[in-house]
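Have a look at the structure below before the remarks.
Protein chains: 2
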Amino acid sequence: MTGAYLKGSDRPLSQAYRLALLDLDGVVYRGKNPVEHAADSIAQAESSGMAMEYTTNNSSRFQSVVAEQLRGFGLNVEPWQVITSSVVAARMVAHHVPAGTKVLAAGAPHLREEVAKAGLTLVDSVEDGPEAVIQGWYPEITWNELAAVAYAAQRGARFFVTNRDLTIPRELGIAPGCGSLVNAVIEAVGRQPLGSAGKPESAMYDEARQLVADAQSAQGKAAEPVAKEQCLAIGDRLDTDIEAGNRGGYDSLVVLTGVADPRGIMLAEPILRPTYIAKDLRGLNEAHPAPAPLPEGGYACGRASAWIDGGELHVASQGDVEAPSALDALRAACCTMWQAADRGIDTGAIVLPDFDI
Amino acid sequence: MTGAYLKGSDRPLSQAYRLALLDLDGVVYRGKNPVEHAADSIAQAESSGMAMEYTTNNSSRFQSVVAEQLRGFGLNVEPWQVITSSVVAARMVAHHVPAGTKVLAAGAPHLREEVAKAGLTLVDSVEDGPEAVIQGWYPEITWNELAAVAYAAQRGARFFVTNRDLTIPRELGIAPGCGSLVNAVIEAVGRQPLGSAGKPESAMYDEARQLVADAQSAQGKAAEPVAKEQCLAIGDRLDTDIEAGNRGGYDSLVVLTGVADPRGIMLAEPILRPTYIAKDLRGLNEAHPAPAPLPEGGYACGRASAWIDGGELHVASQGDVEAPSALDALRAACCTMWQAADRGIDTGAIVLPDFDI
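In structure tokens form, the structure reads like this:
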């Protein structure tokens, strides 16, 4: 977000940044299947010296379970490299209250374990007088648990939630997400939570930097958190992964292996715009050409250029039309569209080309 | 709703109407305690020939349990006189689909029993291919059950809910209501339910009339449902009990033993305005004076009158100031305020007097 719309990097991103903050679903795996090129690209980035943290809004699965799943995809992952929204929520509360404070946690055993690990005292009932309450999610969560969160918050407990995703895609269909149950509790409490651990908030990325430092310190290495400027948020969703990057001041890379598609990226409002675009995680080990504005309007990127004329976005590849060039065309197109939107043009009405990336 | 703002009745309401559609909480009891004058007034109305149906948006308690509770307050109640939103929801679905249709019911054992009683086939899983789904509520309802409702609705099952109350007042505080969990499911499904059984919809009152007829038929008596014009909806909440009356075309009586207060009634928008006002259920066995417009503006009722002057609502009792007259003053005041609002006056800015009723 330096005024330029996409950054360039002469070196591969895995050498230009020290820590990758990777989303999981749509980036590393899709449900039970690995995403193409993910494991190889991550291994290659690690061999270039880049550290990996895996971030997920899921609040119910133990870090060890997620790490085990990732190892099944051929990745070399330790449990501490997995950051769930329960890990972040517990640490967030610990930043707000003294050690030993009584906390009610409505969520999975994983959340309860993290609350204890954060030096807080778990209580089981509103009548125990919790001074903070965390609303998480797990498939067996009941109305009784939601009601207890509402009562505690009404009695003055500081109110935190693991994440605010409104829906969860599951095998059988789309299910209500933790955020929809949070909204049900807000309806009863009459006020918003003090904090949400999950993306699109940036707390997860901030905590990830600290957790890497803690792990390195435990191994007797330098214990300073990686500087924000040396971290790269990576995801497939503009409205969670990329927005969290922008909110927290992190550079970000969007990959096209999940939710985001070229049209959505071209039409993204400022808070949703990534710093880099790649087809998949191979982009982590590649240099990225810097787009540059053209004197006659529009942008050039690599051997591609893009401009708006007659209510239509035009792209031209100044060479062959193989994939890398189509990606450069998309990069030039995004810069062109974002600039137009920021100048007050109704970009929703502009006819967009297809990109065969 | 005949153009006049409140109706009058020369006879006691219990003689002018044949069937009372009574709300429970705030009318008959408050939590564990009986409401003053409720049991005696109901017994007296019954001895005048008025039949009683007790209506509740609660979907988790068996009719026999509610009837037992009411008997504890000295009322003479049979289980069939209790209409829950589960009873209505099951019958509502049975009106929409052929007998034997497979129905998924997310709710209490009471809801499941009602679905079976309505001639429908209960199924336990989305994979059983339900053609209708009912979302109810009970304290132990889990996210898994909410998700199953969402999946079934997404696969084309007709989607019904027991009620849409956003909150439930409980002893420990305000808890999320069934309606908040319904909203969470709607977020996932992407469409509204086909029907909601609870108030402020009027289905509960319609079904109550039919259920009285069924019970009388079972006793060998005349089996025609009581005509709408001979039913009186009675409640303490404008936005559920009274609105359901207005939506369904029923006359209604608001009592001041629960949520509604004079100010709220005076400022009520048209859909929330009752036909009669009483302090408590003693009003059921009383005649109600008809308010009449005054030639110089404002309304008279009994020995009271009300008018707006200088941004202020004025009331005068043309006699003593004991309770019945204060109630007549409120009746005159309501008609005056409703007329002003309907003429485009900003009644929210009018200074209102206190009523010592």
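Sequence lines, in order, name chains A and B.
Going left to right, the first sequence walks through residues 1 to 357 as UniProt numbering numbers them.
Going left to right, the second sequence walks through residues 1 to 357 as UniProt numbering numbers them.
Don't be surprised by glycine CBs; every beta carbon is placed ideally from N, CA and C.
B/Ile308 carries a strand assignment under DSSP once its states are collapsed to helix, strand and coil. DSSP, reduced to helix, strand and coil, places A/Pro293 within a strand of the structure shown. A/Gly136 is a Cβ neighbour of A/Ala89, given a cutoff of 8 Å. In this structure, A/Ile357 lies near A/Leu330, with their beta-carbon atoms less than 8 Å apart.
Taking the Cα of B/Asp239 as reference, the smallest distance to any Cα among B/Pro200, B/Thr275, B/Pro225 and B/Ala227 is reached at B/Pro200.
Going by DSSP, B/Ile134 is part of the beta strand (DSSP E) stretching over Ala132 to Gln135. Residue range Cys178 to Val189 is occupied by the alpha helix (DSSP H) that includes B/Ile186, with no beta strand (DSSP E) assigned at that position. Counting of Cβ neighbours within 10 angstroms places A/Gln210 among the exposed residues, the total staying below 16. Non-local beta-carbon contacts of A/Glu286 in its own chain, meaning distances under 8 Å to residues more than five positions away in sequence, involve Pro12, Leu13 and Ala278 in chain order. Secondary structure at A/Lys279: coil, using DSSP grouped into helix, strand and coil.
When CB distances to chain A are screened at a threshold of 9 Å, not a single residue of the region 206 to 234 of chain B falls below it.
Looking at B/Ala157, B/Tyr205, B/Leu146 and B/Ser217, the one whose alpha-carbon comes closest to that of B/Asn183 is B/Leu146.
Between the region 230 to 249 of chain B and the region 21 to 33 of chain B, the count of Cβ pairs shorter than 8 Å is three or higher; the stretches touch. Minimum Cα-Cα distance from A/Val103 among the listed residues A/Glu127, A/Ile141 and A/Trp80 corresponds to A/Glu127. Under the three-state reduction of DSSP, A/Ser252 is assigned to strand. If only complete runs of 4 or more residues are kept, the region 30 to 118 of chain A shows the alpha helix (DSSP H) at 38 to 47, 63 to 72, 85 to 96 and 109 to 117, in order along the chain. At a Cβ-Cβ threshold of 8 Å, A/Ala45 and A/Leu75 do not count as neighbours. Nearest in C-alpha terms to A/Arg91, of all of A/Ala304, A/Pro169 and A/Val133, is A/Val133. The DSSP-derived three-state label of B/Leu24 is coil. If you compare the alpha carbons of B/Tyr5, B/Val82 and B/Met52 with that of B/Gln15, the shortest gap goes to B/Met52.
Neighbours of A/Leu172 in chain B, taken as residues whose beta carbon is under 7 Å from its own, are Val126 and Tyr151 in chain order. Below 8 Å, enough C-beta pairs join the region 149 to 156 of chain B and the region 168 to 186 of chain A to call them touching: three or more. A/Thr142 carries a strand assignment under DSSP once its states are collapsed to helix, strand and coil. Note: B/Gly195 is bridge-paired with B/Phe160 in the DSSP secondary-structure output.
Using a Cβ-Cβ cut-off of 8 Å, B/Val66 does not count as an interface residue toward chain A, since no Cβ of chain A sits closer than that to its own.
In the three-state reduction of the DSSP assignment, B/Gly264 falls in the helix class, which pools H, G and I. Between the alpha carbons of A/Leu6 and A/Ala260 lies a gap of roughly 16 Å. In this structure B/Leu267 is not in contact with B/His37, their Cβ atoms being roughly 27 Å apart against a cut-off of 8 Å. Between B/Ser202 and B/Gly248, the CB-CB gap stays under 8 Å.
Around B/Ser41, the same chain offers Leu281, Arg282, Leu284 and Asn285 as residues with beta carbons nearer than 7 Å, after the five sequence neighbours per side are excluded. Contact check for A/Thr162 against A/Ser59 passes: the beta carbons are separated by less than 8 Å. By the CB criterion at 8 Å, B/Thr142 and B/Leu120 fall outside the cutoff.
Residue state for B/Tyr17 is assigned as coil, using DSSP reduced to three classes. Annotated as proximal: A/Ile234 and A/Leu253, with beta-carbon spacing under 8 Å. Contact note: A/Asn144 reaches chain B through Pro139 and Glu140, using a C-beta cutoff of 8 Å and chain order. When Cβ-Cβ separations below 8 Å define contact, B/Asn57 makes no contact with chain A.
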